[in-house]
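Peer 1: Chains G and U, in that order, are what the protein sequence lines are.
FYI, in this note's numbering the residues of the first sequence are 120 to 287.
FYI, in this note's numbering the residues of the second sequence are 6 to 774.
I am attaching a structure below and will ask some questions about it afterwards.
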Amino acid sequence: MSTVAAALAPTASINRKEKAVAASLVEMCTVRLGSTLFGVPITHILEIVGAARPQPVPLAPVFVGGLVHYRGDVLTTVSLRQLLNMPPKEGRQDLLVLESAGGIFGLLVDSVGEVLTVSSSDHEPNPSILDERRRVLFAGAYKLKDTLLVMLDPEQLEPMRLSAARAA
Amino acid sequence: MDELTREFLIESQEGLDRMERCLTDLEERPQDAGLIGDIFRSVHTIKGTTGFLGFKRLEKLAHAGENLLGLVREGKLIANREVITGLLQLLDGLRSILKTIEAEDAEGEGEDVVLIGRLEELQLPAQAEVKQLAHAKASAHGSSAAPPAINPAEIKPKQPSAAAPAPEPAEDTQKTTASPSASTEPASGAAPSTSSEAENDPARQRTPIAGTAAESTLRVDVTLLNRMMNLVGELVLTRNQVLQATSADPNMTLLSRRLDMVTADLRESVMKARMQPVSNIFSKMPRIVRDLSQSLGRRVRLQVEGQDTELDKSLLEAIKDPLTHAVRNSLDHGIELPDARLAAGKNPEGILKLRAAQEGSHVIIEVSDDGAGINVDRVRQKAIERGLITADRASHLAERELLQLIFLPGFSTAAAVTNVSGRGVGMDVVRTNVEKIGGKVEIDSRTGKGTTLRMRIPLTLAIIPALIVRSVNQSFALPQGALSELVHIPPEQAASAIEWIENAPLYRLRGKLLPLVFLDRLLMPGVEHKVATERDNFIAVLDPDGRRFGLVVDGLADPEEIVVKPLSAVLKGIGLFSGATVLGNADLALILDPGSIAMKAGIAMREEGLVQAVESEVEADSAKGLEYLLVEAAGRQAAVPLTEVLRIEQLPVSRIEYIGYRPVLNFEGQLLPVEDSGGVLAAVQDNPKAQIIVVVCREGNRHVGIAVSHVLDVAAGGDLFEAGTAQRTSGVTLLKNRVTGVVDLGGVAPLPAGEQASAEWSQSVEAMA
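As structure tokens, this is what we get:
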């Protein structure tokens, strides 16, 4: 985990520097879920695991995608599909290992794409017609040339926070 | 906080811990110069370093203590009880300031005038007593009364013992540090000894010894060790996969085998690094015993055994509270007041024994006292009073079962609530804490003789033996601690073997109904599951804290030693799983928590459950008690000591021949007298084809046969005591909670004698009233 963090550190500092300038650039890892393109800030990503096989947990909250084994620890994963009430996908899924203030967890997505550099000038906040649940999970969208990149907020995706939100 | 201060804090804590141990020892051996020297040095080191670091308050207090200790060391003052109490107060004062420094990086505002005053006051009698002392000690200590000129020849041989490495128990110090004296001289110059000690010859000799110990050890953060443990676990799994992948390639076999060995060694070393001797917690006990026995007016001697037994660091932390509680209990409820002890014909000084020993993959920790024991009648009465058990039920419980009632929440027999114990939140906490870490607690008590509390603690928390079971197409790990037996019911038998009351499934386990929980239905409610008659059923009989039930799973895999990984809070919330683990085939498995499953399934801790739990404990004890063969003859039960049983023969009654009226058996060419006081032979006399069973036993140097109708079981017998006299009864034993007669083999008359002797079949009676 430290290797990834170290590798990402320079970019993060560049980001901070550039924020001072008018329009800063941010690096996003794109993930695909159905037909939507989502983005996760790479500063939160520890590792990307292709073709993860999470172990299901009976009686777990519906958004839990199962358990995965990650560097000696057992990680709880959040299934983005189940979280957004989408039908389950057959076959391989990719896993992002994310670090949030609440701890490390996994995020299951259909597939992981590339790393894009986007400019904050292209960012727009969540539209008001989104349902309330998605308004919490999404952090606006970047207007790309031919599509929208929907931002995910890793802090909001943390399992403990999700279960608290569900309870409320 | 800077590195220097942190170092100072850790060192001072260790010094104070050592001082505490020495102080309690000093009470027994007030003249021991080694102990006094050690205590003096602890305080002196703190004083020296604080001055350097600028902690004025600490320095002042330590200085006051040092003055007092100086007098004691020079023999001007006897380390009597008042002085030791004062020094212990000093210790507490120093500790609390150290704690403040640790928390706030400053020594705080408090004033220590009272304590310093007290310490100065204690120095006063020194002048008065000095003469008296000189006389008293003249023979033993020679010139010790002459102030600063300590006779080096006197002190030298004792001093090195004082500088023993910290964790060593004070009693052992004399032996442990005999050797290093030769190499001391060259290093002494560099040693950080302070001025007042440096001019003292023995002091210069001591410091290097402490130095060598420090050079070979290193302080390591526990979190780092945990991380290492995790990584080693990971390595083990990777190794397993490498082994599988390379098994076909002969070039790789040698390499992978080497990887295998190195990994195993590494894992062992990391586990070892986490182990600490139990003396780390045992060493806190002398102080507790001293303080408590003084405030309770008891006279107690503490005996400690097996201090070097090692236990995982986290487990050691976990048993600290239960152990302290058990010690308090022994002092408050167990050991009587000196007068009462004298009246009972005992030594007025009670003995409290702490013992630790390793047994296989467990560590046994015992707290035993030679006090009054637990009054079983009071336990019964209290339990009924507090509604923990019905009067009717209580009258059927045996003594041993009644004793286990003290582990129920809300139980206390103390007549009055003291500030030490008696609030009824005691033994159940001990039990909960110990069970939380996978251990077990038992209590054993003899009225008038004392009580023993025994804790069985697994060696490490991280790795536990578990049975891998299958359900809902997944593997689950079932910790073996709660597992008592497995029953297999093939599909064709399921219809008759599993009985139902409405929708509650039950299984008859040796005649008793066992509530069943289907794991698949529990884990996936609202989904159609295969009915029991269409699949294999395995019943895992579990009894977590007295809740006995059978968990039905679809399949069993091998037992495995699993590495427990914690679950995230979200999944802990489900309540059925205590963790997760990675299996040998790299699959993940959730670890089932039998206690929570029982609760979730609504299995109450009923009285029956309690009794059964007790029974299983009795069974577990069987290794210790004498084992008996339980037999039945003409409707009555009796016990035959198992050690005497040679073989059990089933034969037609016609094989029995008679010499006069005595039945004999021609057994392998020898004539065996057959005992039939149970009337088995008489009952089947008219039917020559009837089968009878003859238990062939050894009696002295001859063999005898006993005719019985059935052999029922093998069980461990418990001793019975005659009410009031505490005298062990003979001829009967407690078998499966029934008072059962033991066949008197010696009573079987030898053959030549024509007289028929009788081995009385003692009638089985209902369990004690």
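By construction, the Cβ of each residue, glycine as well, lies at the ideal position given by its N, Cα and C atoms.
With 9 Å set as the bound, which would you pick, yes or no: does the beta-carbon of D226(U) sit closer than that to a beta-carbon of chain G?
Peer 2: Answer no: the Cβ-Cβ gap between D226(U) and chain G never drops below 9 Å.
Peer 1: Looking at chain G, is there any beta carbon in it that lies within less than 9 Å of the beta carbon of F57(U)?
Peer 2: No, because no Cβ of chain G sits closer than 9 Å to the Cβ of F57(U).
Peer 1: Consider the Cβ of N235(U): report whether some Cβ of chain G lies at a distance smaller than 9 Å.
Peer 2: For N235(U), the answer is yes, since a Cβ of chain G falls inside 9 Å of its Cβ.
Peer 1: Less than 8 Å between the CB atoms is what I'm expecting for A171(G) and Q212(G), so what's the real figure, rounded?
Peer 2: Going by Cβ atoms, the distance from A171(G) to Q212(G) rounds to 6 Å, so yes, they are a contact pair.
Peer 1: Do you know offhand how far L186(G)'s Cα is from L217(G)'s?
Peer 2: So the two alpha carbons sit approximately 14 Å from each other.
Peer 1: Taking V183(G) as the query, report the chain U residues whose CB atoms sit under 8 Å from its CB, ordered along the chain.
Peer 2: Going along chain U in sequence order, the residues near V183(G) (Cβ under 8 Å) are V575, L576.
Peer 1: How many whole angstroms separate the CB atoms of G302(U) and G378(U), which I take to be in contact at a CB cut-off of 8 Å?
Peer 2: So it is not a contact: roughly 20 Å between Cβ atoms.
Peer 1: Measuring straight from C-alpha to C-alpha, what distance separates P180(G) and G746(U)?
Peer 2: In a straight line, the C-alpha of P180(G) is about 59 Å away from that of G746(U).
Peer 1: Rounded to whole angstroms, what is the Cα-Cα separation between E233(G) and G158(G)?
Peer 2: Their Cα atoms are separated by approximately 10 Å.
Peer 1: Nearest to R667(U) by CA position, among G684(U), I653(U), L656(U), L651(U), is which residue?
Peer 2: Of the candidates G684(U), I653(U), L656(U), L651(U), the one whose C-alpha sits nearest the C-alpha of R667(U) is G684(U).
Peer 1: Taking its Cβ as the centre, do 16 or more other Cβ atoms sit within 10 Å of R11(U), making it buried, or is it exposed?
Peer 2: R11(U) is exposed by the Cβ-count criterion.
Peer 1: For a contact meaning CB atoms closer than 8 Å, what does T195(G) contact in chain U?
Peer 2: By Cβ distance, chain U contributes L572, S573, V575, L576.
Peer 1: Take every Cβ of the stretch 17-25 of chain U, pair it with every Cβ of the stretch 94-101 of chain U, and state whether three or more of those distances are shorter than 8 Å.
Peer 2: Contact holds: three or more Cβ-Cβ distances are below 8 Å.
Peer 1: Between G169(G) and chain U, is there a C-beta pair that is closer than 9 Å?
Peer 2: Answer no: the Cβ-Cβ gap between G169(G) and chain U never drops below 9 Å.
Peer 1: What's the gap between the Cα of A348(U) and the Cα of D326(U)?
Peer 2: Roughly 33 Å separates the two Cα atoms.
Peer 1: Distance check for A502(U) and D541(U), CA to CA, integer angstroms please.
Peer 2: For D541(U) and A502(U), the distance between alpha carbons rounds to 12 Å.
Peer 1: Are there 16 or more other CB atoms within 10 angstroms of the CB of D374(U), so buried, or fewer, so exposed?
Peer 2: Buried is the call here.
Peer 1: Do you know offhand how far L267(G)'s Cα is from A284(G)'s?
Peer 2: In a straight line, the C-alpha of L267(G) is about 27 Å away from that of A284(G).
Peer 1: Looking at C-alpha atoms only, which residue of V241(U), V309(U), L402(U), L408(U) is the closest neighbour of S288(U)?
Peer 2: When only C-alpha atoms are compared, the closest one is V309(U).
Peer 1: G115(U) by DSSP, collapsed to three states: which one?
Peer 2: Of the three classes helix, strand and coil, the one that applies to G115(U) here is coil, per DSSP.
Peer 1: Given S775(U), which residues of its chain have a CB within under 7 Å of its CB, disregarding the five upstream and five downstream residues?
Peer 2: Residue 775(U) cannot be examined here, being either before or after the span of chain U that is shown, 6 to 774.
Peer 1: The alpha helix (DSSP H) spanning A499(U) covers which residue range?
Peer 2: Unbroken alpha helix (DSSP H) run through A499(U): 496-502.
Peer 1: Comparing C-alpha positions only, which one of R552(U), S319(U), R391(U), V381(U) sits nearest to V227(U)?
Peer 2: With distances taken between Cα atoms, V227(U) lies closest to S319(U).
Peer 1: Using beta carbons (cut-off 9 Å, strictly below), is D117(U) in contact with chain G?
Peer 2: D117(U) does not count as touching chain G.
Peer 1: Identify whether E566(U) lies in helix, strand or coil by the three-state DSSP scheme.
Peer 2: In the structure shown, E566(U) sits in a strand (DSSP, three-state: E or B).
Peer 1: What are the residues of the stretch 580-612 of chain U that lie near chain G, defined by any Cβ-Cβ distance shorter than 9 Å?
Peer 2: Cβ contacts with chain G come from G580, L581, F582, G584, A585, T586, V587, A591, D592, L593, A594, L595.
Peer 1: Taking a cut of 8 Å between CB atoms, which residues from the stretch 151-181 of chain G lie near chain B?
Peer 2: Reference to chain B is not applicable here, since the protein chains of this structure are G and U.
Peer 1: Taking only beta-carbon atoms, is G210(G) less than 9 Å away from chain U?
Peer 2: No, no contact with chain U.
Peer 1: Per DSSP, K358(U) is paired with what?
Peer 2: K358(U) is bridged to Q308(U), S373(U).
Peer 1: How is the alpha helix (DSSP H) around M205(G) delimited, first residue to last?
Peer 2: Where M205(G) is concerned, there is no enclosing alpha helix (DSSP H), given that its DSSP letter is neither H nor E.
Peer 1: Could you tell me the distance, in whole angstroms, from the CA atom of V669(U) to the CA atom of T738(U)?
Peer 2: In a straight line, the C-alpha of V669(U) is about 28 Å away from that of T738(U).
Peer 1: Chain U beta carbons: is any one of them nearer than 9 Å to that of V255(G)?
Peer 2: For V255(G), the answer is no, since every Cβ of chain U falls outside 9 Å of its Cβ.
Peer 1: In the structure shown, what three-state DSSP assignment does L267(G) receive?
Peer 2: The answer is strand: DSSP assigns L267(G) an E or B state.
Peer 1: Could you tell me whether the stretch 551-561 of chain U touches the stretch 195-210 of chain G, using the rule of 3 or more Cβ pairs below 8 Å?
Peer 2: These segments do not touch.
Peer 1: Per DSSP, what kind of secondary structure is T55(U) in: helix, strand or coil?
Peer 2: The answer is helix: DSSP assigns T55(U) an H, G or I state.
Peer 1: Going by DSSP, name the residue or residues bridged to P510(U).
Peer 2: W505(U).
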